[in-house]
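Residues 50 to 534 (the numbering used here) make up the sequence shown, in order.
This report concerns only the one structure given below.
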Amino acid sequence: MWKPSQRIRWQSSPGKLPDAAALANSRLFSPLHAGRLKLRNRTWVPAMVPWRATDDGYVTAENLDWYGRFARGRPAALVIEATGIRDVPSGPLLRIGHDRFIPGLRELVDRIRDESDGETRVFIQVIDLLTIRRRPDRDKFINRFLEITPDIREALGMEQVAESAVRTRLASLSDDSLQGILDERQWESLTHGYRERVTDMHLEHVRELPAVLPALFAEAARRAEAAGMDGVELHYAHAYTMASFLSGTNTRGDGYGGSRENRARLPLEVFHAVRRAVSEDFVVGARFLAEECVEDGSTLPDVAWFATEFARAGMDFLSLSRGGKFDDAKQPRVGQAAYPYTGPSGYECMPQYLSDEQGPFGRNFDATGYIRRLVREAGFETPVVGAGGVHNFETAEAMLRDGVADVVAAARQSLADPDWFLKLESGHGDEIRTCEYTNYCEGLDQKHKQVTCQLWDRLDLDEPGLAMSRDGKRRLVAPPWNPSN
Ligand SMILES: Cc1cc2nc3c(=O)[nH]c(=O)nc-3n(C[C@H](O)[C@H](O)[C@H](O)COP(=O)(O)O)c2cc1C
Ligand code: SF4
């Protein structure tokens, strides 16, 4: 992963632990009743892909254990990982693109309810992805994948010769010469792997996204409700289709790109379709980017405007993330796909302990607070969920007190210690395992390996019946917590 050049070492700390009075007066442990979103307190575990589904996208026993373990810590809300809305293969990521996925998802909801004694609200993040392919081998790309266009022939002066001769000639060129012959996208397909964009209007299925996505998201939400979920989180963040519609880089000329009004059009149409497909009490919110952190990304005023329009449309929560784009991702190795968390914008999404002067904690707070303030000034009370490096009570409390957010999402801290909210709440704060922001977990995610945390995955390996990772070295869920008194 890319890191800021300063390489300043930051250390997380448990901070000042709350005593009984501080807990009683805390904002973090106060309930939230805002429209449809009713939470027992302000604690939230955001979506984290654990790479535990079957290759066909079904819930596994490992998924049940993973989410069950988070639920035992009783966060007020738990968001199930980014789950694909289409009925197409997408590797071991959960899917919700067909009714056949409902029974497995229902089992998952039941497990979370059981483990949390019904105290945790269950949401699922629903996602659409465009095609991305692995970086090809050079010869294979030239001989098999590359379309020999008239432009290529003209650049080589080989208009009339057989295609095989053109390919042979291309294969013999140096990289510099080849780059001069291929256009920008062909060169990118060779050096980074083929990747579609929402602006690829020459592709029929991309042109038709506005026609097909509202129904696909709506069906996914209907299934989520049928599985017993409390709500859905529309994934409008990071590197994926809906974020690309909102992006400042979206130049589509069909009324769904360009101005901020046009960029928000499909996200709003999707929301309305989803709202119509579910019942009155079902919660529907969205996760989107406070800042894209890439060149030509949306401005903060643009995003505050999106947030206000989402609130006006009736979204039940606005969850703000940061960065995580393909635009500045590192070149993958041959045989691997680009990963949107390897460049500077990826760092902004999941900053690690080697950082710059600003440090890895709360990098999204200013932007989130700004957006929340503008939503409030527009007259909407829609709850804002904030995230980014939150790992102790003091920071979580300050976030709420300073008006940054209404709900505190903690991803890696909850992975490091799924009981951390519960430990705080029950006066066992000194037993919390504090995340060190090494991004070991994120490295596993990048390699599509089962995600675990280095602070616990080699502990108590002699536990009877322990489920282990495929590499045989790591436990798959955090050890049980037995309160000291
Ligand atoms: C292993 C891993 C998987 C993640 N998967 C998702 C995901 O599916 N959807 C999403 O919106 N964010 C995902 N994230 C980002 C987190 O939800 C969160 O925004 C980010 O880690 C910053 O919060 P933190 O500092 O509390 O970890 C993932 C993060 C990690 C570490
Ligand atoms: S591996 Fe554990 S300690 Fe390291 S960043 Fe991930 S959750 Fe935190």
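For every residue, glycine included, the Cβ atom is placed at its ideal position computed from N, Cα and C.
Everything numeric in this text was worked out from a predicted model, so none of it was measured.
Are residue i and residue j close, meaning C-beta to C-beta below 9 Å?
i      : j      : result
Leu239 : Arg216 : no
Ile173 : Ile145 : yes
Val98  : Glu130 : yes
Glu341 : Ser308 : no
Ser368 : Phe410 : no
Arg123 : Asp166 : yes
Ile161 : Thr290 : no
Ala102 : Pro141 : yes
Arg450 : Ala416 : no
Arg193 : Ala386 : no
Ser223 : Leu178 : no
Gly363 : Asp186 : no
His477 : Pro532 : yes
Gln228 : Tyr388 : no
Phe414 : Val352 : no
Pro513 : Leu81  : no
Arg234 : Glu168 : no
Arg121 : Pro467 : yes
Below 8 Å on the Cβ atoms is my contact criterion, and I expect residue i with residue j to pass it. Report the Cβ-Cβ distance as a whole number of Å.
i      : j      : result
Arg412 : Gly438 : 7 Å
Ile201 : Ile230 : 6 Å
Leu510 : Arg519 : No, Leu510 and Arg519 are not in contact; Cβ-Cβ is about 15 Å, not under 8 Å.
Val457 : Leu77  : 6 Å
Met50  : Tyr390 : 7 Å
Glu480 : Ala83  : In fact, because the Cβ distance is near 32 Å, the residues do not count as touching under 8 Å.
Trp93  : Val332 : The pair is not a contact, with the Cβ atoms about 12 Å apart (cut-off 8 Å).
Arg85  : Asp455 : Incorrect: roughly 14 Å between the Cβ atoms, too far for contact.
Arg537 : Ala125 : In the structure as shown, the chain starts at 50 and stops at 534, and residue 537 therefore has no counterpart that could be examined.
Tyr116 : Leu157 : 6 Å
Glu245 : Thr298 : Going by Cβ atoms, the distance from Glu245 to Thr298 rounds to 14 Å, so no, they are not a contact pair.
Ala445 : Leu504 : The Cβ separation is near 19 Å, so there is no contact.
Val323 : Phe266 : 5 Å
Ile57  : Glu406 : 7 Å
Kindly identify the DSSP beta-bridge partner or partners of residue i.
i      : result
Ser404 : Ile57
Trp236 : Paired residue(s): none; Trp236 is not in a bridge.
Tyr116 : Answer is none; Tyr116 lacks a bridge partner.
Glu282 : Gln174 and Gly334
Gly435 : Leu369 and Val457
Leu127 : Val94 and Val171
Thr132 : Val175
Ala83  : Leu86
Met517 : Arg524
Ile181 : Arg244
Glu340 : Arg371
Arg144 : Gly133
To the nearest angstrom, how far is the alpha carbon of residue i from that of residue j?
i      : j      : result
Phe119 : Leu127 : 8 Å
Ser54  : Ser404 : 8 Å
Lys52  : Gln401 : 8 Å
Ala356 : Val424 : 7 Å
Val247 : Ala326 : 25 Å
Lys374 : Ala69  : 43 Å
Gln60  : Gly392 : 22 Å
Ser463 : Pro63  : 13 Å
Asn112 : Glu282 : 19 Å
Ser475 : Met278 : 27 Å
Met207 : Glu268 : 51 Å
Gly133 : Ala214 : 42 Å
Pro95  : Ala459 : 7 Å
Glu426 : Tyr419 : 11 Å
Leu252 : Val261 : 14 Å
Asn311 : Thr300 : 10 Å
Val343 : Leu515 : 43 Å
Met399 : Ala211 : 50 Å
Ala313 : Gly280 : 22 Å
Val108 : Arg155 : 10 Å
Leu349 : Gly334 : 20 Å
Leu493 : Ala204 : 43 Å
Pro263 : Ala270 : 11 Å
Asp114 : Val526 : 7 Å
Cys484 : Ser347 : 31 Å
Thr487 : Gly395 : 14 Å
Subject >> Contact between the segment 268-275 and the segment 310-320 (3+ Cβ pairs under 8 Å) >> reply: no
Original post:
Pairing CB atoms from the segment 218-230 with CB atoms from the segment 241-257, are three or more of them under 8 Å?
Top reply: no
Subject >> Meets three-Cβ-pair contact criterion under 8 Å: the segment 369-383 and the segment 464-476 >> reply: no
**OP:** Determine, using beta-carbon pairs with one atom in the segment 494-510 and one in the segment 439-448, whether at least three such pairs fall under 8 Å.
**Re:** no
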